[in-house]
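Asks: So that you can map any letter, position 72 of the sequence shown is 72 in the UniProt record's numbering, and since no number is skipped, the others follow by simple counting. Quick reminder that beta carbons are idealized off the backbone N, C-alpha and C, glycines included. Got a structure for you, questions after.
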Amino acid sequence: MADKAELREQFTEAFQDADYPIASPMDLVPALPNGPSTKFESGEFSMTAMELNTKLNGEFPYESVDDFVDDVMASLESQDLI
């Protein structure tokens, strides 16, 4: 099982340097250490940033990293991925 706090920390760390507000997923790519191939892992959960983008239920724009990460976590939880 994935550790939600650990994943939240990974997402925040990876996306915090984006130039907020962000208007699309492409605005996040320059902030990612390995671009779209950046991988997030915890327990049995493993997903690249590109895969994560296909699971997002939220709507752009996002004003802050916290707003974005909140929606990422909610999207993954609603799909029983974490």
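Are the CB atoms of T48 and K55 within a distance shorter than 7 Å?
Replies: The count along the sequence shown starts at 1 and reaches residue 55 at position 55. The count along the sequence shown starts at 1 and reaches residue 48 at position 48. No.
Asks: State yes or no: is the C-beta of A2 within less than 7 Å of the C-beta of G43?
Replies: Counted from its first residue, the sequence shown places residue 2 at position 2. Counted from its first residue, the sequence shown places residue 43 at position 43. The answer is yes: Cβ separation under 7 Å.
Asks: Got a sec? Which residues, its chain only, sit under 7 Å from F60 by beta carbon, not counting five neighbours each side?
Replies: For the purposes of this step, residue 60 is identified with residue 60 of the sequence shown, where counting begins at 1. Contacts found: I22, A23, S24.
Asks: Where do the N-terminal and C-terminal ends of the beta strand (DSSP E) with F45 fall, by residue?
Replies: The residue given as residue 45 occupies position 45 in the sequence shown. Where F45 is concerned, the enclosing beta strand (DSSP E) stretches over 45–48.
Asks: Going by CA-CA distance only, name the one from E6, P30, A5 that's closest to Q16.
Replies: Locating residue 16 in the sequence shown gives position 16, counting from the first residue. Checking every option, the nearest Cα to that of Q16 belongs to P30.
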